[in-house]
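Notes follow the structure.
2 protein chains.
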Amino acid sequence: MNIIPPKSGASLVLKSGQRLKVTDIEGMQVSDILFYNRDDVAEKLSSGKTFDYEETILLTKGNYLWSNRSNKMVRIVEDINGRNDFLLAPCDMKTFEHFYNMDGYHPSCFENLYKNLQQFGIEKDDIPSAFNIFMNVQFKPDGKVSVVPPTSKAKDYIIFEAQMDLIVALTACSAKDSNGGTFKPIGYEILD
Amino acid sequence: MNIIPPKSGASLVLKSGQRLKVTDIEGMQVSDILFYNRDDVAEKLSSGKTFDYEETILLTKGNYLWSNRSNKMVRIVEDINGRNDFLLAPCDMKTFEHFYNMDGYHPSCFENLYKNLQQFGIEKDDIPSAFNIFMNVQFKPDGKVSVVPPTSKAKDYIIFEAQMDLIVALTACSAKDSNGGTFKPIGYEILD
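Structure (structure tokens):
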């Protein structure tokens, strides 16, 4: 298993049919993940298309995640914890100013996704809302959303099966409130 | 008032401080709307950033709509009907295949947004989830979403105030189920 240290990220190529396992090693740690078509990176993950085709905003085992071109990118083939978020965009420097009143440098999922994707020719503005594994965003009938600690336990995992050749980037999330107040590592491995 | 005929679209430039009024002329008609930074079209509307900063998935009077760079693009200063959607991506040809079992040509919001935006150098893959004015998407605690007829009545309107110089595209939506089974026009006017 590859280890993503706290508040950092990684990227990899996943071929069609291959499976990617992402593990919350210690528990209560979110991982933002993004998918791009390996052969044309302008095709990328889309929350809006996914909510539309899957007819749900809560995605788990059995659901597909879709691209902006209405193609299936991955299928979730296992999901031990079962709670993920696809509503909120990756945390960035301005998120920390807004929600945490921080004005100095702080690592962010946006930076960690971008740093690992730029080698594939992907620009900052090409980073859409990520699929936030293990993130626990609650929503009420009046639409109000709130970020609460993940319910994931140590060694909980999710497995994605690629539906096309993909570039994948993922993080160990850097936003305190999303991770129950502490920063932990994330594990990943390709299963052939 | 400018009229967008059924199943078509329009675009315009809206300067910072100007207000745009969008009217459901006959009632029960959705309009998908998109905003881009006029001076750099790589900055565009983001549902994920908006849900994050506004802490709600139901946006109405008083809320801002935010960009992928965490900047405010517009403020909703009036909203007579009050129900809008920001979860689902614009309908496209594949939407009609998937949900309506159509395999021939059909106008779509995606095409009508793109056709009106390409003159500004905006590509198909640069079209994110739009803000769907008057669209009535219900969601349940288990995450399931469903599209039901709009509750908007004839002459209901919404007003956006630009927070930066903007390129705006908007449609009279082409998806039957989103509009109570019929296709109607949409009106818009710039209020100085």
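Protein sequence lines correspond, in order, to chains G and U.
Okay, so the first sequence: first residue is 1 according to the UniProt record's numbering, each after it adds one.
Okay, so the second sequence: first residue is 1 according to the UniProt record's numbering, each after it adds one.
Ideal Cβ positions, reconstructed from N, Cα and C, are used throughout, including at glycine.
Contact annotation: the stretch 34 to 54 of chain U does not touch the stretch 75 to 85 of chain U, with fewer than three C-beta pairs closer than 8 Å.
Taking the Cβ atoms as the reference, P90/G lies roughly 6 Å from L113/G, within the contact range of under 8 Å. For G82/G, no Cβ of chain U is located within less than 8 Å of the residue's own Cβ. Taking a 10 Å sphere around the C-beta of N2/G, we find fewer than 16 other C-beta atoms and assign the residue as exposed.
In the DSSP annotation of this structure, the continuous segment of the alpha helix (DSSP H) that includes T95/G starts and ends at M93 to Y100.
Under the 8 Å Cβ criterion, the stretch 21 to 37 of chain U does not count as touching the stretch 57 to 77 of chain G, having fewer than three qualifying pairs.
Residue burial annotation: S16/U is exposed, with fewer than 16 other C-beta atoms found within 10 angstroms of its C-beta.
When DSSP states are grouped into helix, strand and coil, K7/G belongs to the coil group. Taking 8 Å as the CB threshold, I158/U stays off the interface with chain G.
By the neighbour-count criterion, in which a residue is buried when 16 or more other Cβ atoms sit within 10 angstroms of its Cβ, M28/G is buried. For E111/U, the uninterrupted alpha helix (DSSP H) run begins and ends at C109 to L117, by DSSP. Nearest C-alpha to P6/U among S67/U, C109/U and V13/U: C109/U. Take the alpha-carbon of S67/G and the one of M164/G: they are about 11 Å apart. Under DSSP, T171/U forms a beta bridge with G9/U.
Contact note: A42/G reaches chain U through E123 and D125, using a C-beta cutoff of 8 Å and chain order. Only buried fits G9/G, as 16 or more other CB atoms lie within 10 angstroms of its CB.
Excluding the 5 residues flanking it on each side, L59/G has same chain C-beta neighbours closer than 8 Å at T50, L65, I76, N84, F86 and F131, in chain order. If you check each beta-carbon in the stretch 48 to 59 of chain G against every beta-carbon of chain U, the ones closer than 7 Å belong to G48, K49, F51, D52, Y53, E55, T56, I57 and L58. Look at G143/U: its C-beta is under 8 Å from a C-beta on chain G. Against chain G, the beta carbon of N68/U has neighbours under 7 Å at D125, listed in chain order. With 16 or more other Cβ atoms inside 10 Å of its own Cβ, S174/U counts as buried.
Beta-bridge partners of Q138/G (DSSP): S146/G.
At a cut-off of 8 Å, the C-beta of A169/U has no neighbouring C-beta in chain G. Residues of the same chain with a CB within less than 6 Å of the CB of Y188/G, apart from the 5 flanking positions on each side, are N2 and V22 in chain order. Below the 8 Å Cβ cutoff, chain G contributes D52 and S70 as neighbours of T95/U, in chain order. Given a length threshold of 3 residues, each whole run of the beta strand (DSSP E) inside the stretch 55 to 83 of chain G is given here in chain order: 64 to 66 and 72 to 79. The C-alpha of G82/U lies about 16 Å from the C-alpha of S178/U. For the pair L14/G and L170/G, the CB atoms are not nearer than the 8 Å cut-off. Under the 8 Å criterion on CB atoms, L87/U is classed as interfacial with respect to chain G.
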